[in-house]
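Just so we're aligned: 404 in the working numbering is position 19 of the sequence shown, and the numbers increase by one with no gaps anywhere. In this text, a Cβ means the ideal position worked out from N, Cα and C, and glycines have one as well. Predicted model, so just to flag it, every value in this text is computed and none were measured. Notes follow the structure.
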Amino acid sequence: MESSNLSQLIYLLYGSVASSNFQPFLQLLADITKSNKAFISLKKITDDSPLFINTVFNFDYSPAALIAYQQRHLEDPLFEVVRYLPEGEIVSPTEVIEVDSYKSSEFYHLILAPLRSHHALGMVVIRDENYDSSLVINRGPDDSPYEPDCYQLLTQLGPHVQQAMRLFTLFRDISQQQEMLKVVLNQSDKALLVLDGDADIQLSNAPADRILALLPYWTRQGNRFQLCLSAEQLRFRALLKQCLHAELLNQERLYLQLSTDDTNMQVTLTLAPLRWLELENGCDNLCLLTINYQQAIGWYAVKTEYGLTSRELELVQALHNNQKLTELSAQMQISYHTLRKHLQTIFAKCRVNSQSELMLLLGQFRH
Numbered sequence: 386m387e388s389s390n391l392s393q394l395i396y397l398l399y400g401s402v403a404s405s406n407f408q409p410f411l412q413l414l415a416d417i418t419k420s421n422k423a424f425i426s427l428k429k430i431t432d433d434s435p436l437f438i439n440t441v442f443n444f445d446y447s448p449a450a451l452i453a454y455q456q457r458h459l460e461d462p463l464f465e466v467v468r469y470l471p472e473g474e475i476v477s478p479t480e481v482i483e484v485d486s487y488k489s490s491e492f493y494h495l496i497l498a499p500l501r502s503h504h505a506l507g508m509v510v511i512r513d514e515n516y517d518s519s520l521v522i523n524r525g526p527d528d529s530p531y532e533p534d535c536y537q538l539l540t541q542l543g544p545h546v547q548q549a550m551r552l553f554t555l556f557r558d559i560s561q562q563q564e565m566l567k568v569v570l571n572q573s574d575k576a577l578l579v580l581d582g583d584a585d586i587q588l589s590n591a592p593a594d595r596i597l598a599l600l601p602y603w604t605r606q607g608n609r610f611q612l613c614l615s616a617e618q619l620r621f622r623a624l625l626k627q628c629l630h631a632e633l634l635n636q637e638r639l640y641l642q643l644s645t646d647d648t649n650m651q652v653t654l655t656l657a658p659l660r661w662l663e664l665e666n667g668c669d670n671l672c673l674l675t676i677n678y679q680q681a682i683g684w685y686a687v688k689t690e691y692g693l694t695s696r697e698l699e700l701v702q703a704l705h706n707n708q709k710l711t712e713l714s715a716q717m718q719i720s721y722h723t724l725r726k727h728l729q730t731i732f733a734k735c736r737v738n739s740q741s742e743l744m745l746l747l748g749q750f751r752h
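This is the structure we're talking about:
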C-alpha cells in the first residue's frame, strides 16, 4: 500500500471531524481496497438508533435493502462474531463463519445479496460504556477475499480512526473552529486540555483546572503540563511527539495509564491530534489531552458476584484495559477461537449481550 494513499486517508479522516462528513474518507478507502462499499457508524449505548451512519457505494444499490439492514442488523450472522470483540480489533467475519452456511437464509436473499455483502473486513472503532462504533468495507461474491495489504492498511489506520471518532463524539454537530474551542471549555464531565508540541497548555476547561490542582500525579511548570514520575514523563513526551508528528500510530502510543496504587484511583491520559485546528495566536501543532479519572474497580466483588474463574476474570480485566483478542491469544497462549468461547461464557454469566454492556456493568463495581 503506497504511503501517499495512507497520508491522504489520514488527511481526509481528520478533516471528517471538522466537517462532520466521513464520506470523502470512505470513498477513498473503498477505492484503494477495491471495495464495493464502505461505512462507518456511531451509536450511543443508551439509544436504539445510531447517532449517524455514513456510507458510500460503488454500485447502484437497493435503498430498500439498506433500510432493511439498518432495521435488522442484529440478525446479521456476522454480528455474532463482532459483538464479542473489544475496541481496536480488526476482523474479517467471513473467515470465521462460512458464507455458505447462511446463504439460503431470508436475511441473505433479501438484504445481503442485494447489497453485495459477501467478503467483509471491519474494525471495532469504539466500544465502551458510552458508545459503539464500527468501520466496515465489503466486496461482492464475484470478488476475491481481502488481501493482507488491506488488513495492514486498516491496522495502520486503526488508531487514527479511533481518535478521529472520539473527537467526533466531542465535537459532533459543531462546524466552526471557534465553536469547537467553546465545546472544549464548556465540557463539564471531562477534563480536557489543548496542548502544543512542548506540552504547554493552550486551553483547559474547569474540570481539568480542578484536577491539575488536586491530584498528585502531575505538576504545572509555568504553563507546561508535566508528570511527576520521571519514567511516566518520558513516556508522555514520547507519546506527545508521536501523536503530533508520526504518520503511523500504535494504539499503545495514544494512552498512558498512570501509577495510582496508593490512591485507589484509575487515571488514564489519552492524546488525539487536532491537525485541522489553528488558534488565533497562530499555534497549529496541537493535540487534545483527555484525563479520565475514576475509582478503581473491585475485581474480587466482580469475580464473586458472577462466579468467574481466575482465567475469566483475567480476560475481563484485559478487555477493560483495551487489549485486543489477537494480543491476548499470544499472551495467554490460547487460540483466538477458544478466547471467543471464553467470552461467550463470561457474557452468559454476567447476563450481558455485548462488550459495551459488560463495561457498563463493571462501572457499578467501582469503590
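- The beta-carbon distance between Ala584 and Gln611, rounded to whole angstroms, is 7 Å. This is short enough to meet the 8 Å contact definition.
- Taking C-beta atoms as the reference points, Leu538 and Thr689 fail to come closer than 9 Å.
- Asn439 and Ile425 do touch by the CB rule: their CB atoms are close to 5 Å apart, below 8 Å.
- The beta strand (DSSP E) runs of length 3 or more contained entirely in the region 491-569 are, from start to end of the chain, 504-512, 516-524.
- Ile586 has its alpha-carbon roughly 6 Å from the corresponding atom of Asn608.
- Excluding its 5 nearest sequence neighbours in each direction, Ser447 has C-beta neighbours in its own chain below 8 Å: Pro499, Leu500, listed in chain order.
- Only residues of its own chain outside the window of five on either side were considered, and among them Leu427, Val510, Ile511, Met550 have a CB closer than 6 Å to the CB of Ser518, listed in chain order.
- Counting only the Cα atoms, Leu671 lies some 5 Å from Leu659.
- Contact between the region 387-396 and the region 472-484 is not established, with fewer than three Cβ pairs separated by less than 8 Å.
- A residue is called buried once 16 or more other Cβ atoms fall within 10 Å of its Cβ, and Tyr721, having fewer, is exposed.
- Beta-bridge pairing by DSSP links Ile425 to Asn439, Leu520.
- Counted as a single uninterrupted DSSP element, the alpha helix (DSSP H) harbouring Thr689 occupies residues 684-691.
- In the structure shown, the three-state DSSP call for Ala450 is helix.
- Beta bridge pairing from DSSP links Ile676 with Ala576, Leu654.
- One alpha carbon belongs to Pro601, the other to Cys613, and they sit about 8 Å apart.
- Straight-line measurement puts the Cα of Leu747 at about 20 Å from the Cα of Leu654.
- Taking all protein chains in view, the Cβ of Thr675 is crowded by 16 or more other Cβ atoms within 10 Å, so the residue is classified as buried.
- In the displayed model, Ser695 falls within a helix according to three-state DSSP.
- When only Cα atoms are considered, Gln679 and Ser741 end up about 18 Å apart.
- Take the alpha-carbon of Leu577 and the one of Leu597: they are about 11 Å apart.
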